[in-house]
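Peer 1: Input: one structure, supplied below.
2 protein chains.
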Amino acid sequence: MYDETITSVKKTRNAQQKQQLILQAALEVFSTYGLQGASMEQIAETAGISKSNLFYYFAGKDDLYVAVLSQVLTAWLLPLNQLEKEQDPAQALGNYLDVKFQLAKDSPQASRLYALEMMQGAPYINTILKGSLKKLVQQKTAVINDWIEQGRLKPVSALHLIIHIWAVTQHYSDFTVQTQAISGKTLKNKSFYQEALATSKQLLIESLIPTVVEH
Amino acid sequence: MYDETITSVKKTRNAQQKQQLILQAALEVFSTYGLQGASMEQIAETAGISKSNLFYYFAGKDDLYVAVLSQVLTAWLLPLNQLEKEQDPAQALGNYLDVKFQLAKDSPQASRLYALEMMQGAPYINTILKGSLKKLVQQKTAVINDWIEQGRLKPVSALHLIIHIWAVTQHYSDFTVQTQAISGKTLKNKSFYQEALATSKQLLIESLIPTVVEH
DNA sequence: GTCTATAAACAGATAGAC
DNA sequence: GTCTATCTGTTTATAGAC
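Listed in order, the protein sequences are those of chains A and B. The opening residue of the first sequence carries number 21 in our numbering; numbering runs sequentially from there. The opening residue of the second sequence carries number 21 in our numbering; numbering runs sequentially from there.
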């Protein structure tokens, strides 16, 4: 009886660990070759298991893809939740840029997978985009517009400001090869990282902070 | 004799037209599914010809891909050449943004193909990036730095400014689905196009134009 | 849970008739 | 130049032994 319990707990733990192992391997392969370009064999190999064993854990290629994509999507959209109108605009937006740049540097695979899914028309997450993401963006553009009305931020299109932040962070992550080719550096280089982040803050945030006029 | 000449001219013309037709179809399919995800069958189908006929015009999948990619690469990097230090900074940079936004709107497939190639490590054009693109960027960062030294532009990292412009234009093109999902609009919508472009100019260019101080 | 073997479909590419 | 037929390898997915 004791043994059974212990064994079953162990198995559950192993199963969960193995699932995470598979998801990690799948992220690696899917983010490199895309959904169509990736093969289950390659994913199994990367995870260090057999192909048929992989099919034991996930019913099919699509199932596995959706599982990986869901994880990425959550991590990707979470940081925007932090923006609140009670905060100082420069601080809040600066913090958001910080977090997004961190993600761009530390999770290039997640970034690429997200981009690949978007570029193929987001067939698996279109409903989520039109649902919770749209709602989230509406809330946060309201926050930014609030700042503008209070004179704490210069007039700017809130929607396009958010898009610009997404564009830049996504680009530094997804176009590493191009950046590396023309500059020899990537976000992994500390001074390059600081320079990129500083330029983003200068252009996308500081330029929007009203200059206090003394009387 | 007359007939032969006419026939051969016709055939040449047809062959060229057909090659262009194939390249167009290939761009469509490659940009949607990526190199690995695309199939020669699908490309042939899109072009309205048989698979074996496609193999008559292009030796293999890679050959066709490189042909398409070369066309895109040329169109993609050409506009940057226009930047010259004799120009007015606001005008020159504004014009560059105009052209890049036009491309983003009118050539979403080329944009996507370029992005896909980058995201997969640019295996087919890495040498070009490290060669002529790097050289081009060095020339143009020099132009921007010249403007800054002359006090015609506020201090900013020239390299990262260029990267920011690339990031934004690429994003509006490649992430159309996301933009559409959250706003209901794309660059095809005139007012949305104007708003996006205006915001980019505000953040990436106008914020860098020195305010003339009267004495 | 994990393996070997294999089915079934599909992909890139070629041969050869017309 | 274009077609049909086909070869060859790869891919998703399953059956069944252990």
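Backbone N, C-alpha and C define an ideal beta-carbon position, used for all residues, glycine too. If you're wondering where the values come from, they're calculated on a predicted model, not measured in any experiment.
1) Pick out the complete beta strand (DSSP E) segments inside the region 81 to 108 of chain A, 3 residues or longer, and give them in chain order.
2) Assign Ser127 (chain B) to one of three DSSP states: helix, strand, or coil.
3) For Val157 (chain A), count neighbouring Cβ atoms within 10 angstroms of its own Cβ and tell me buried if that reaches 16, exposed if not.
4) Going along chain A, which residues have a C-beta under 7 Å from Phe195 (chain B)?
5) Compute the distance between the beta-carbons of Ala142 (chain B) and Met139 (chain A), then report whether it is under 8 Å.
6) Hey, out of B:Leu100, B:Trp167, B:Ile145, B:Asp194, whose CA is closest to Ala201 (chain A)'s CA?
7) Following the continuous alpha helix (DSSP H) through Val232 (chain B), name the residue where it begins and the one where it ends.
8) Just the chain A side, please: which residues come within less than 7 Å of Tyr53 (chain B) by C-beta, in chain order?
9) Measure from the C-beta of Gln222 (chain A) to each C-beta in chain B and report whether the shortest distance is under 8 Å.
10) Could you tell me if Asp194 (chain B) is buried or exposed, where buried requires 16 or more neighbouring beta carbons within 10 angstroms of its beta carbon?
11) Reducing DSSP to helix, strand and coil, say where Ser70 (chain A) ends up.
12) Apart from the five residues just before and just after Ala130 (chain B), which ones in its own chain have a Cβ nearer than 6 Å to its Cβ?
13) Comparing C-alpha positions only, which one of A:Phe75, A:Val86, A:Ile69, A:Ser70 sits nearest to Leu17 (chain A)?
14) Buried or exposed for Asn34 (chain A), please, with buried defined as at least 16 other CB atoms from any protein chain shown within 10 angstroms of its CB.
15) Where does Thr161 (chain B) sit, in a helix, a strand or coil, going by DSSP?
16) Chain B partners of Thr66 (chain A), CB-CB under 9 Å?
17) Count the C-beta pairs between the region 41 to 57 of chain B and the region 147 to 161 of chain A that are closer than 8 Å, then say yes if the count reaches three, no if not.
18) What number of angstroms, rounded off, separates the C-alpha of Lys237 (chain A) from the C-alpha of Ser203 (chain A)?
19) Can you list, in chain order, the residues of its chain with a C-beta nearer than 8 Å to that of Pro230 (chain B)? Leave out the 5 residues immediately preceding and following it.
20) Based on Cα-Cα distance, which residue from A:Thr206, A:Thr199, A:Asn165, A:Pro109 lies nearest to Lys221 (chain A)?
21) By how many angstroms is the C-alpha of Leu41 (chain B) removed from the C-alpha of Tyr76 (chain B)?
22) Quick one: measure Cβ to Cβ for Ile164 (chain B) and Lys120 (chain B), integer angstroms, because I've assumed they're closer than 8 Å.
23) Should Leu215 (chain B) and His180 (chain A) be called a contact, given that it needs their Cβ atoms to be closer than 8 Å?
Peer 2: Well, looking at it:
1) Here no run is fully enclosed.
2) Note: Ser127 (chain B) maps to coil in three-state DSSP.
3) With 16 or more other Cβ atoms within 10 Å, it is buried.
4) Within chain A, the residues near Phe195 (chain B) are Met138.
5) Contact flag unset, no.
6) Checking every option, the nearest Cα to that of Ala201 (chain A) belongs to B:Ile145.
7) For Val232 (chain B), no alpha helix (DSSP H) segment is defined, and its DSSP state is neither H nor E.
8) Chain A residues near Tyr53 (chain B): Gln56.
9) So yes, Gln222 (chain A) belongs to the interface.
10) Around the beta carbon of Asp194 (chain B), a 10 Å sphere encloses 16 or more other beta carbons of the protein chains shown; the residue is thus reported as buried.
11) In this structure, DSSP gives Ser70 (chain A) a state outside helix and strand, which the three-state scheme calls coil.
12) Non-local beta-carbon contacts of Ala130 (chain B) in its own chain, meaning distances under 6 Å to residues more than five positions away in sequence, involve Val92 in chain order.
13) Outside the shown range of chain A, which is 21 to 235, sits residue 17 (chain A), and nothing can be said about it.
14) By the 10 Å Cβ count, Asn34 (chain A) comes out exposed.
15) Helix, per DSSP.
16) Here the premise fails: no neighbours, minimum Cβ distance about 16 Å.
17) These segments do not touch.
18) There is simply no residue 237 (chain A) to check, as chain A begins at 21 and stops at 235 in what is shown.
19) The residues Gly171, Arg172, Leu173, Lys174, in chain order, have a CB closer than 8 Å to that of Pro230 (chain B) in the same chain once the five nearest residues on each side in sequence are set aside.
20) Per the Cα distances, A:Pro109.
21) C-alpha separation (whole angstroms): 14 Å.
22) About 16 Å separates the two Cβ atoms, so there is no contact after all.
23) Reading off the sequence shown, one finds Glu at residue 215 (chain B), where the question assumed Leu. Yes, they are a contact pair.
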